[in-house]
Amino acid sequence: MTIISGVTCPVCGSFCDDIEVTIKNNVITDVKNACAIGAAKFLGYAKHRQTKPLIRKNGELVEASLDEAIRKSAQILADATYPILYGWSSTSCEATRVGLELAEEVGGVIDNTSTVCHGPSILSIQDIGISSCTLGQLRHRADLVFYWGSNPWSAHPRHLERYTTFSDGRFQKTAWRGYLSRLSATLTKKRLRRAVNLILRRDVSVPPETDRRLPYSVFQKKRKMIVIDVRKTRSAETADYFIQVKPNSDFELLQAFRMLVRDEELDVDEVAGVPVEVLEEVVDIMIGCELGILFFGLGLTMSEGKLRNVDAALSLVRDLNQRTKFLIMPMRGHFNVTGANVVFTWQTGYPYAVDFSHGYPRYNPGETSVVDILCRGESDAGLVIASDPVAHFPQRAAQNLVKNPLIAIDPEVTPTTLMADVVIPSAFVGIETEGTAYRMDHVPLPLKKIVNPPNTCLPDEEILRRILHQVHKLRRRPN
Amino acid sequence: MITLCPKRVFKVPVDAECISPDIFAEKSASEIAKLLVWEGNRKRTLGELFKIELQTKTESKEPTIQISGDLRRVRKIGAKMCTGKIVVDGDVGMHLGEEMRGGVITVGGSADSWAGCMMKNGTIEIKGDAGDYVGAAYRGSTLGMSEGTIIIHGNAGNEAGCFMRKGIIKIRGNVGQFAGMHMKDGTILVRENSEGRAGAEMLGGKIIVCGHIPSILPTFTIDTVTPKVKVDGEEVAGPFYRFLGDLTENGDGKLFVSQTQNPHLKPYENYL
Amino acid sequence: MDIAVRDGKIVERVNEKKAERIDASGMIVMPGGVDIHCHIAGAEVNSGRLLRPEDHFRDVEAKTAVTRSGVGHSIPSTFTTGYRYARMGYTTIMNPSMPPLEARHTHEELDDTPMLDKATYPLLGDWWFVLEYLRDNRIEECAAHIAWMMNAIKGYAIKIVNPGGLEAWGYGGNVQNIDDPVPYFNITPREIIRGLCKVNRLLNMPHTIHVHTNNLGKPGNYVTALETMKCVEDLAKGDRPVIHITHCQFSAFKGDDWRTMGSGAEEIANYVNQHSHVTIDMGQVIFTDTTTMTADGPFQYRLYQLSGNKWVNHDVETETSAGIVPFRYKRKSPVHATQWSIGLELALLIKDPWRIYLTTDHPNGGPFTAYPRIISWLMSQTAREKTIKKIAKRARRNSLLPSIKREYSFYEVATVTRAGQARALGLSWKGHLGVGADADIAIYNVNPELVDPSKKYKTVRRAFQRAAYTIKGGEVVAKNGEILKSVYGKTFWVNVNSSLSMDVGADMKRRFREYWTVEYENYPIPESFLTASAPIVVKAEI
């Protein structure tokens, strides 16, 4: 039995690197420090995996040799007039580097999951810029933490305890104790109210008045957290204050904040369902803090306004820097979507939606983004790696993806692999093979190899290299 | 006059930057047929993909190009053109007239997104609808259309006139959200409704909405009620609420919104 | 005379019957170019690339049988960077800003930059360990920790940017001069610079401390530059330099505000001429649209406020910061035109070409592809006059250039673009054509015996833009602007041998989680991570 420490967790953008894994006979038996999602991956990754290459013959997926699968993949890509190479967010940077070379060689479009996730954030960063940092800056210094359109309690479970509200830094202490006492006070209040209602036989269908006033805790000089969302999430229950924004009105709310930061008055009484007095108090807290951070998620990028919501958020934070120190960071989903952006950018100049069809990189999301290309049915072949678009893309896009020759490289059986024409099983990055990946704040960390993969499962990097080699042969190019 | 017609249905995007009166000028039909186009990742010649006919004997300096057939996947028609005319019978693909400097493009059907983007001068008239980003800038750039006129008889999509610097966009139908996003100057006239957020982050210029708009951004302040607005020499009858903004950008832009079509904006009159 | 090459090195002689011949008659043969300061890889550079798709789409390079595709202008993609340097006959470059926490990123990008040997400088001037040890005057312990860091992240030299200012920027502040104490740490920039200068000597690093001064880009800052150079004057031993002031043009402003801004080049040049412990590089400005990117967070914020352009900021925990702002230098702006003049004044007034180097602080002053233009300005007063005629009147009136008759010779150009830089970096096998040197050779198609560079500056510029031959490690990799072969160079780093390294490791391990949000074991980069690791072993005096 061995214990490996300092393991990086290959699940979400928090990319925790303090996981301790116990292995016995090449099987992971115990995981420490990981959240429920991370532990589930380490302990259960082998449940739905596939180990044999498959090729569709006469409508059925049948087992094939790896060589045959590689050769067919190369043929599909080399013959295609506008192939798409999609995924990349759950594999290593090393694999993505080979993928870019392959996309360039076959003159296709290469894109990663930003295209359905934080693509809008990137587009706005390209217009406005971004005032950001690494997560440690926040652990040490941030006394005001916003989560907007993001629910870290469920999606990035250890975010608060590792980096923000419930972490300990050089200049700021954890707000955990404050939260616990607030929690017990809330529970006590609830119990009392229930008891009173029972005794007085009060009609409980009448909802209690919501107290909109900001609680005392947000005015104190200590770490505080404010959550802004369309519904009261678990993260919102943990916060010092929760602002419920009317769905699809985040842009107006952000712009209203910007006005108040500039000391201008608003002509209206409420914005996005929030009274202006509340907004004025929140802006006072923003200006009065020592260092503030605004985390945002798909609540901004995928609600009405999309990239312009992020535009307003980036501009708000930029404006706040005139009054105090303020930073902003997108909550990236997959553990290496940032890495995919980073590698794409240094090799091609563009972070996603890169079109190599003319022999050099071109970039225009909406035109060269894979989800849009598929919605319009413009591609004629596809390679999907480290992602599951059949499960996640709009229906029309998924239909257009599977009606053309499709290669899927994945360690697991997924809806995409079930619909593919060639399936190549790969090793789990971060568990069975090593590599490099980037945390949501652009910090690069090593992915470890903890157990050996089945010998039919090669790392993504190797599979792609073999396909590239075969494409070179088909085109009679020296390697 | 040169006529073009696709020889077949295009399944992948076709990049036809060479379809431009300046490039066709003083060329013979066979020379035109040899021009380079991209079909996906394959290099083709124009003659391989299009049937080309030269209608007049003399090769003109400012030719007219007429294109018929399914052009929805044909992009960059009229890009960078300076003179001459292009007439498209039906629908046409993205980037129509991108960076054009002069001449006229007329489209009988609808145009896909990025029509007239980064336009420097000239005229584009679309009888049908237009997609998103009409007259806009490239990603990351602040250089949207700078002169010229774009007329859309149908509806336009989102972010029309994004980062535009001058020029006029006239939309006879409805417009999507964020018309005039980040605009520096120029005019956008919308005869019917806007889906909202018109003039977001504008620095200057004029936007006129003659129909309904669900709300005005909180970063605009009401200035006056005016009976009419002048656009490109013609007078557009109001009455209009005139808002100034976007205040978060120290903007000097003017947003005119129909008074009669927007009774829900009446509370703003208290501030007059 | 002939030069013999075998197995990647310059040797005494080779078998002339079997050897490949290159006829360089009528051309100039120089060692391959060495660039001591160009931002081409890492977090800061890549954020710049992401920020500016509009910088890329008009300047593209399609893939060929030998080369990968890419984009260019002010922040080229990695492959294009390598090819463009190689076309100009450059073979060694130094990436000057690496945030230690993100060192892996810098090395990954350097590994994807072909054609060049390279190294990178970690940013250490605001590292909490440095601030704490130097405040307590524990020089040897500081040195031991820096040795650990150099080895862990494969760095080459100690880079200091706005010392103390970056830590203050963590809360949005800055330092005002070299005696302004850093909030919370009670140490002054002067103490940081002096402390690290001593550390550098104790560790026997091949290069001196590489300093981007406080108050960069502020009118009147030439005083800070002089104070920075003076503050380590007493630490100099003999003739060898102990400090390198980088992109000195940005630190050579006179005046109280932008209206009265002028050139402090004369004062700085006088000081450099009289004191041999200083080397500087130009940081020349080109009139073009470019991108500024430095670790100087507060300066970059100020640049955003001045220009109104989009602004990226990236503070790195415990260590440093960074900022990026696109910027256009205009001929008709008196300030920009004065900046243009300052860079050239520095190069022309400093007498020793071995202590001033040609750079643009790429891409801050302009893209590195403008180096040939700068060479033509240095070699020809006529070329300078032609540009001076077009610049803002106020700058023209105040510029010293009309009164400077000096014109660089080819020998001096070779010194400021390769030989001097190699020497300053301690790369004794680069920057010269003697036996034992790496066979990195550039052949330029200009005949020094026939062409008068003072008159034919355009010919000179064209010759340096497209080397007739670029030879890297003994192979012809480029010819007349065409890349013939894609090769990958080595990554140099300094492997410091110190007796205290074991103790430091244990100390770092204990305190690591207090300082960073990553684990101790995931921070150092294994040597195998670098594709072609070329460590330079030095023995420290601790």
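Residue numbers (my numbering), protein chains in the order written: chain A, 430 to 908; chain B, 8 to 279; chain C, 59 to 600.
We put the CB at the ideal spot given by N, CA and C, even for glycine.
Self-check item: In chain order, each alpha helix (DSSP H) run of at least 4 residues that lies wholly inside the segment 512-589 of chain A
Solution: Counting only runs of 4 or more, we get 522-535, 548-557, 564-570 and 581-584.
Quiz item: Which chain B residues sit within Cβ distance under 8 angstroms of T544 (chain A)?
Solution: Chain B residues near T544 (chain A): none, gap ~14 angstroms exceeds 8 angstroms.
Practice problem: Closer than 8 angstroms by beta-carbon distance: list the chain B residues that pair up with G537 (chain A), in chain order. | Solution: Per Cβ cutoff of 8 angstroms: N48.
Practice problem: For the beta strand (DSSP E) holding Y248 (chain B), just list the boundary residues, first then last. | Solution: Under the DSSP assignment, Y248 (chain B) falls in the beta strand (DSSP E) whose first and last residues are E241 to G252.
Quiz item: From the beta carbon of T376 (chain C), is the nearest beta carbon of chain A less than 8 angstroms away?
Solution: Chain A contact via Cβ: present.
Quiz prompt | Neighbour list for T774 (chain A) in chain C, Cβ cutoff strictly below 7 angstroms | solution = Neighbours of T774 (chain A) across chain C, judged by C-beta separation under 7 angstroms: N104, R107 and L108.
Practice problem: Mind listing the chain B neighbours of T730 (chain A)? Cutoff is C-beta to C-beta under 8 angstroms, in chain order. | Solution: What T730 (chain A) touches in chain B: nothing, since even the nearest Cβ is about 15 angstroms away.
Self-check item: is_contact[A207 (chain B), chain A] using C-beta, thresh 8 angstroms
Solution: It does: the Cβ of A207 (chain B) has a partner Cβ on chain A nearer than 8 angstroms.
Exercise. Look at G256 (chain C) and I216 (chain C) and say whether their C-beta atoms are less than 8 angstroms apart.
Key: For clarity, residue 256 (chain C) is Lys in the given sequence; the question names Gly instead. At the C-beta level, K256 (chain C) and I216 (chain C) stay beyond 8 angstroms of one another.
Quiz prompt | DSSP-derived helix/strand/coil call for E325 (chain C) | solution = Helix.
Quiz item: Under a three-way DSSP split, which group does C441 (chain A) fall into?
Solution: In the structure shown, C441 (chain A) sits in a strand (DSSP, three-state: E or B).
Practice problem: Closer than 7 angstroms by C-beta to K68 (chain B): which residues in its own chain qualify, once you throw out the five before and the five after it? Chain order, please. | Solution: So the list reads A32 and E33, once near-sequence residues are dropped.
Practice problem: Go through its chain and collect everything with a Cβ distance to A62 (chain C)'s Cβ below 8 angstroms, but skip five positions before and after it. | Solution: Result list for A62 (chain C): I68, V69, E70, R71, V72 and A77, in chain order.
Practice problem: Find the residues of chain A that neighbour L254 (chain B), judging by a C-beta separation of less than 7 angstroms, and give them in chain order. | Solution: Per Cβ cutoff of 7 angstroms: M688 and E693.
Exercise. State buried or exposed for D496 (chain C), treating a residue as buried only when at least 16 other CB atoms are found within 10 Å of its CB.
Key: Buried: at least 16 other Cβ atoms inside 10 Å.
Quiz item: With 16 other CB atoms within 10 Å as the buried threshold, where does N829 (chain A) fall?
Solution: With a 10 Å radius around the Cβ and a threshold of 16 neighbouring Cβ atoms, N829 (chain A) comes out buried.
Practice problem: Please report the Cβ distance between A500 (chain C) and A477 (chain C), rounded to the nearest whole angstrom; I am assuming they are in contact, meaning their Cβ atoms lie under 8 angstroms. | Solution: Actually they do not touch by this definition, with Cβ atoms about 12 angstroms apart.
Self-check item: Member of A:K651, A:V545, A:L552 and A:G717 whose CA lies at the smallest distance from the CA of F595 (chain A)
Solution: Among A:K651, A:V545, A:L552 and A:G717, the Cα nearest to that of F595 (chain A) is on A:K651.
Quiz item: Could you give the residue range of the beta strand (DSSP E) that holds G180 (chain B)?
Solution: Per DSSP, G180 (chain B) belongs to no beta strand (DSSP E) and is neither H nor E.
Practice problem: Can you tell me which of B:I175, B:E199 and B:R204 puts its alpha carbon nearest to the alpha carbon of A186 (chain B)? | Solution: When B:I175, B:E199 and B:R204 are compared, the shortest CA-CA separation from A186 (chain B) is found for B:R204.
Self-check item: chain B contacts from the segment 544-562 of chain A (Cβ-Cβ distance under 7 angstroms)
Solution: Those residues of the segment 544-562 of chain A that come within reach of chain B (Cβ to Cβ, closer than 7 angstroms) are L552, Q555 and D556.
Self-check item: Spatial distance of V819 (chain A) from P584 (chain C) (CA atoms)
Solution: When rounded, the separation of the alpha-carbon atoms in V819 (chain A) and P584 (chain C) is 39 angstroms.
Quiz prompt | Where M24 (chain C) falls, given that 16 or more other Cβ within 10 Å makes a residue buried | solution = In the structure displayed, chain C extends from 59 to 600; residue 24 (chain C) sits before or after that span and is not available.
Self-check item: Same chain only: Cβ atoms within 6 angstroms of N555 (chain C), ignoring 5 sequence neighbours per side
Solution: Exclusion of the five residues before and after N555 (chain C) leaves K597 as the residues of its chain whose Cβ lies within less than 6 angstroms of its Cβ.
Self-check item: Nearest-angstrom Cα separation, counted from E449 (chain A) out to G859 (chain A)
Solution: Looking at the two C-alpha atoms, the distance is approximately 13 angstroms.
Exercise. For G109 (chain B), I'd like the list of residues in its chain whose CB is within less than 6 angstroms of its CB, leaving aside the five on either flank, ordered along the chain.
Key: Around G109 (chain B): C89, T90, N128 and G129.
Quiz item: Distance, Cα to Cα, P241 (chain C) vs T348 (chain C)?
Solution: About 33 angstroms.
Quiz item: Can you list the residues of chain C that Y145 (chain B) reaches, using a CB-CB cut of under 8 angstroms?
Solution: Residues of chain C passing the Cβ test: P111, E112 and F115.
Quiz item: Can you tell me the Cα-Cα spacing of E644 (chain A) and C96 (chain C), whole angstroms?
Solution: Strictly speaking, residue 644 (chain A) in this sequence is Pro, with Glu absent from that position. When rounded, the distance between both Cα atoms is 51 angstroms.
Quiz item: Looking at C-alpha atoms only, which residue of A:K602, A:K481 and A:R791 is the closest neighbour of K653 (chain A)?
Solution: Closest option to K653 (chain A), Cα to Cα, is A:K602.
Quiz item: Can you give the Cα-Cα distance for G795 (chain A) and Y275 (chain B), rounded to whole angstroms?
Solution: Distance between the alpha carbons of G795 (chain A) and Y275 (chain B) is about 37 angstroms.
Quiz item: Nearest-angstrom Cα distance between W517 (chain A) and T178 (chain C)?
Solution: A direct Cα-to-Cα measurement between W517 (chain A) and T178 (chain C) gives close to 28 angstroms.
Quiz item: Residues in its own chain within less than 7 angstroms of N538 (chain C) by CB, not counting five upstream and five downstream?
Solution: Excluding its 5 nearest sequence neighbours in each direction, N538 (chain C) has C-beta neighbours in its own chain below 7 angstroms: R524 and A526, listed in chain order.
Quiz item: Measuring CB to CB, does P882 (chain A) end up less than 8 angstroms from A866 (chain A)?
Solution: The answer is no: Cβ separation not under 8 angstroms.
Quiz item: What does R80 (chain B) touch in chain A if you count any residue whose Cβ is under 9 angstroms from its own?
Solution: Neighbours of R80 (chain B) on chain A, chain order: R805 and E807.
Exercise. Indicate the three-state DSSP secondary structure (helix, strand or coil) for F311 (chain C) in the structure shown.
Key: Assigned with DSSP and collapsed to three states, F311 (chain C) falls in strand.
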